[in-house]
Structure formats: C-alpha cells, structure tokens
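Q:
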Amino acid sequence: MRKLFLIIVLILGVLQSKHAQFLFEYHLHYDSIAKLTLDKKGPYFYDSLKVRYEKADTSLTAFDMLALMIGETKQDHYYPYDLVKVEQDIMHLANKGEYANALNKSDSLLKIHPLNLTATIHKAFLEDKLGSLTAKRSKFKFVLYLDVLMSTGEGTAESPMMVLGPGDGQLLIRYVFGAGIGNMGSGEDNHGYFVDILEVLKEGEEPTLMYFNIEHAVKRMFKENMMKEFEKNFKKDQKEAKKKKKKDKKSSK
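If you read the sequence shown in this note's numbering, its first letter stands for residue 3, the second for the next number, and so on.
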C-alpha cells in the first residue's frame, strides 16, 4: 500500500488547504450536529449528504463531511461491533492476494455502511491495484473521508480523534501514518467519553500514545432487540432471586 499512502498524503494536503476546517469539539458539537443530520428539510440531512458523497461530489465541504460522519452514528444500521468479523475477512483476503474477493466484500459492506473505514481504504487500494476505471474516484472519496477524520481531533488525551469503528484507530496508524502499534488499551478523555488508547511505534522515534473517541460506537455495541432481551431476562432473574430470598426467609423461621 506504499503507493496509495503517498497518494493519500499528497491529496490530503490539497484538501486541507482547500477547505477551512471547522474546529470540532466532541463534547460541544456532537449532539447539535447529530440533530442537523435528522432534519429532512435541512442542508445537512444524512440521506442527502450520503448521495453526494457516493457520487464523489467535489463541492462537499469539511462540515458536510463531518455532518455525514456524525449522521452515520444515528442510523439504524450503525452497529460497528457487528462488522468486525467482515472487516477481518476483507483484510485477510487482501493479505492473501485475493484482491477481487476482497473488493467484492468491500463493495457489499459499503452499500449499507458507506463510511466503513476498512472497506473504504481497501476499495481505494484494491481498485488501484486492479487498474479499475473507478480507482481515482474511490481514492478521492477515501481521502475526503480521511480529511474529516483528521479534523475531529489531534489524537491526544486532550483532543482525541473521532472514529466510527473500534478498529479504525489501528487502521489509521498502520495505513495512513505508516507506523506500528505497541500496547493497546482504553479509558476516558477529559469529558468522560470512552477512548481507545494506542501506542504508536515509529522507527528511530520514541513511542507515543494516540487517543481515539469511540463513545458513540460503544453505545451501539449491541442491537436494541438484544438489549431488550437482556433486560427482559435480567428482570426475570431479579424476580426469581427475590422469590428465592422470601422462600429462604420463610424456611429459616
């Protein structure tokens, strides 16, 4: 992916100079932007932004992309932990050199999850590798997405970078920053939001830590019906425990 990495760096530099970056702070702006993406008549409605992104609309601004990214977390299909197995399959196929199969899986995933980072980065790489006619468009979409990811934070404890999936921080470090990963952990940022904490390893440099905000992903770790079933069983267990406690009290008298 070395060639793709160099292309990303060049295009990303152009985009960052072209678009004035909105200074995003998760604790201040996430909820208000999320509301904008649910307004069907507004300019930041998720479905409208999604269509523009899928067409690789060059008029999309940094804020448009930020709204699209946040809007993704409010969609019924957004359960990022359910996609980990599929993402691993894509990476495994690509590593084995089964590029066509990996690309097909990426395309299938992107039909429902347009901002899945694993599928997006592999589609850009694989189409470039296979000489696809849509490779240029896919690379542009990937870098457009990367541009907004970079604008969400500095990756520090004070300013974590927002990502959509639990493995996205690892992807960014390996494929975009070209570094290795050491220790991995989790914690909370200064505002109590859940973050992944990853040790970044670069040859000839001291290890550093990067912080990725996945608060929104953790909240959607389980599907609603699963949670309802869990709550139902939990309440049932509580009732049975109370009955047993009363029964034990009576038998001890």
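For each residue, glycine too, the CB sits at the ideal point set by N, CA and C. Computed from a predicted model, the values in this text were never measured in an experiment.
#1: If you reduce the DSSP assignment to three classes, tell me which class Thr39 lands in.
#2: Specify, as a first and last residue, the run of the alpha helix (DSSP H) that Tyr213 falls within.
#3: Helix, strand or coil for Asn103, going by three-state DSSP, please let me know.
#4: Are the Cβ atoms of Met152 and Asn215 separated by less than 8 Å?
#5: So does the stretch 178-191 actually touch the stretch 126-146, counting three or more Cβ pairs closer than 8 Å?
#6: Is it a yes or a no for the stretch 141-159 touching the stretch 86-94, going by three-plus beta-carbon pairs under 8 Å?
#7: Tell me the rounded alpha-carbon separation between Leu200 and Lys37.
#8: Three Cβ pairs or more, each shorter than 8 Å: is that satisfied between the stretch 69-88 and the stretch 207-223?
#9: Using the beta-carbon count (16 or more within 10 Å), is Asp191 buried or exposed?
#10: So, helix, strand or coil for Leu117, using DSSP?
#11: For Arg54, which of Met67, Lys42, Lys43 has the nearest alpha-carbon?
#12: Which one of Thr136, Leu40, Ala96, Tyr147 has the shortest CA to CA distance from Leu62?
#13: By Cβ distance below 8 Å, which residues in the same chain neighbour Val202 in space, the five residues on each side in sequence not counted?
A: Looking at the atomic coordinates:
#1: Coil.
#2: Looking at the DSSP string, Tyr213 is not in any alpha helix (DSSP H); the run it does join, the beta strand (DSSP E), is 210-215.
#3: Asn103 falls in the helix class under three-state DSSP.
#4: Against a cut-off of 8 Å, the Cβ pair of Asn215 and Met152 comes out as no contact.
#5: No, because fewer than three Cβ pairs between the stretch 178-191 and the stretch 126-146 fall closer than 8 Å, the two stretches do not touch.
#6: These segments do not touch.
#7: Straight-line Cα distance between these residues: approximately 31 Å.
#8: Contact annotation: the stretch 69-88 touches the stretch 207-223, with at least three C-beta pairs closer than 8 Å.
#9: Under this definition Asp191 is a buried residue.
#10: Note: Leu117 maps to coil in three-state DSSP.
#11: Taking only the C-alpha atoms, the option nearest Arg54 is Met67.
#12: Closest in C-alpha terms to Leu62, from the list Thr136, Leu40, Ala96, Tyr147, comes Tyr147.
#13: Excluding positions up to five away in sequence, the list reads Ile175, Phe179, Ala181, Gly182, Ile183, Gly184, Pro209, Thr210, Leu211, Met212.
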